[in-house]
Amino acid sequence: MTDAEHGRVVRAAHTDSTITVYQAYPQEIAEPALRARTFVAPLKRERMTWIIKPRSQPYDGLLSPAW
């Protein structure tokens, strides 16, 4: 099974100075956030995670689904 089939794909756009990562949220988080124009409850910031590159992968300067 591929990483994409496991849901392990990062969707992002990048330039030389920025990276924009796209994240999907369930409707119960997305709807209040859209109304407030910022994240609000029920989102729990303490439950957020960071995207990291595995140590075994050398950095090639690119975002890649192979990470």
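With the UniProt record's numbering as the guide, the letters of the sequence shown map in order to residues 1 to 67. We treat Cβ as the ideally placed atom computed from N, Cα and C, and that holds for glycine.
- Take V21, set aside five residues on each side of it, and the residues of its chain with a beta-carbon closer than 6 Å to its own are A12, in chain order.
- DSSP places I51 in the coil class of the three-state scheme, outside both helix and strand.
- For A13, the uninterrupted beta strand (DSSP E) run begins and ends at R11 to H14, by DSSP.
- Partner residues in the beta bridge of Y22, as assigned by DSSP, are R11.
- Between the alpha carbons of W50 and T15 lies a gap of roughly 20 Å.
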